[in-house]
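Enquirer: Going left to right, the sequence shown walks through residues 310 to 440 as our numbering numbers them. C-beta: ideal position from N, C-alpha, C; glycine also.
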Amino acid sequence: MLADVSSLDEAKRFKSCSLICNIFANMEASSVPQSVMDKYASLDTLNKLSLRLLDSSDRVKLIAAATFRNIASTGSVEVNSRMLRIGVASTITSVLEQLLGAEGGGGFAAGVILPRAVYLEQLVATLCNIR
Numbered sequence: 310m311l312a313d314v315s316s317l318d319e320a321k322r323f324k325s326c327s328l329i330c331n332i333f334a335n336m337e338a339s340s341v342p343q344s345v346m347d348k349y350a351s352l353d354t355l356n357k358l359s360l361r362l363l364d365s366s367d368r369v370k371l372i373a374a375a376t377f378r379n380i381a382s383t384g385s386v387e388v389n390s391r392m393l394r395i396g397v398a399s400t401i402t403s404v405l406e407q408l409l410g411a412e413g414g415g416g417f418a419a420g421v422i423l424p425r426a427v428y429l430e431q432l433v434a435t436l437c438n439i440r
């Protein structure tokens with residue numbers, strides 16, 4: 310499953326990101342077993358996930374942003390430190406600049422407002438939760 314985060318198949322990337330997203334939904338760091346943190350929020354996995362923030366697929370970008378929001382929301386200092394180490398905050402800042410800038414629209418198709426707004430919210434929430 311983790312290998313599918315980098316799959317060439319859009320459906321596999323989406324499914325893999327969705328599964329990781331759901332693992333961390335509504336969880337605090339104290340309720341996530343360390344083995345889960347080590348496997349699904351490892352430096353390697355987070356690095357692969359960060360590339361999905363720039364994916365060619367809108368739905369993969371959205372689920373990747375939701376995944377980072379959920380992971381950051383656990384409040385795990387160790388995992389948040391990992392995210393900072395691999396440059397997630399810088400990637401998100403760059404994406405936000407594109408998303409809010411006059412050109413580009415964050416890579417979303419012209420006229421796609423709702424996914425763009427959801428993407429923006431998830432990215433900002435991730436930045437707010439990284440401690």
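Using only CA atoms, which one of A338, A375, N379 lies nearest to P424?
Expert: Residue numbering aside, residue 424 sits at position 115 when the sequence shown is read from its first letter. Ranking the options by Cα distance to P424, first place goes to A375.
Enquirer: Classify K314 as buried or exposed, calling it buried when 16 or more other Cβ atoms lie within 10 Å of its own Cβ.
Expert: Position 5 of the sequence shown, counted from the start, is the residue given in the question as residue 314. The sequence as given places Val at residue 314; Lys does not occur at that position. Looking at its Cβ environment, which holds 16 or more other Cβ atoms inside 10 Å, V314 is buried.
Enquirer: Between the alpha carbons of K348 and V341, how many angstroms are there, rounded?
Expert: Residue numbering aside, residue 348 sits at position 39 when the sequence shown is read from its first letter. Residue numbering aside, residue 341 sits at position 32 when the sequence shown is read from its first letter. Distance between the alpha carbons of K348 and V341: 11 angstroms.
Enquirer: Sort C326, A426, G410, A334 by Cα distance to N356 and report the nearest one.
Expert: Residue numbering aside, residue 356 sits at position 47 when the sequence shown is read from its first letter. If we check each option's Cα against that of N356, C326 comes out closest.
Enquirer: Given that a residue counts as buried once 16 or more other Cβ atoms are within 10 Å of its Cβ, and exposed if not, what is L432?
Expert: Taking the first residue of the sequence shown as 1, we reach residue 432 at position 123. Per the 10 Å Cβ criterion, buried.
Enquirer: Taking only the alpha-carbon atoms, compute the straight-line gap between R368 and F323 and give it to the nearest angstrom.
Expert: Your numbering for residue 368 matches position 59 in the sequence shown. Your numbering for residue 323 matches position 14 in the sequence shown. Using only the alpha carbons, I get a separation of about 7 angstroms.
Enquirer: According to DSSP, is E319 part of a helix, a strand, or is it coil?
Expert: On the sequence shown, residue 319 is found 10 positions in, with the first residue counted as 1. In this structure, DSSP gives E319 a helical state, which the three-state scheme calls helix.
Enquirer: Identify, in the order they occur along the chain, each residue of the same chain with its Cβ nearer than 7 angstroms to the Cβ of T383, setting aside the five sequence neighbours on each side.
Expert: Taking the first residue of the sequence shown as 1, we reach residue 383 at position 74. F333, M336, E337, A338, V341, listed in sequence order.
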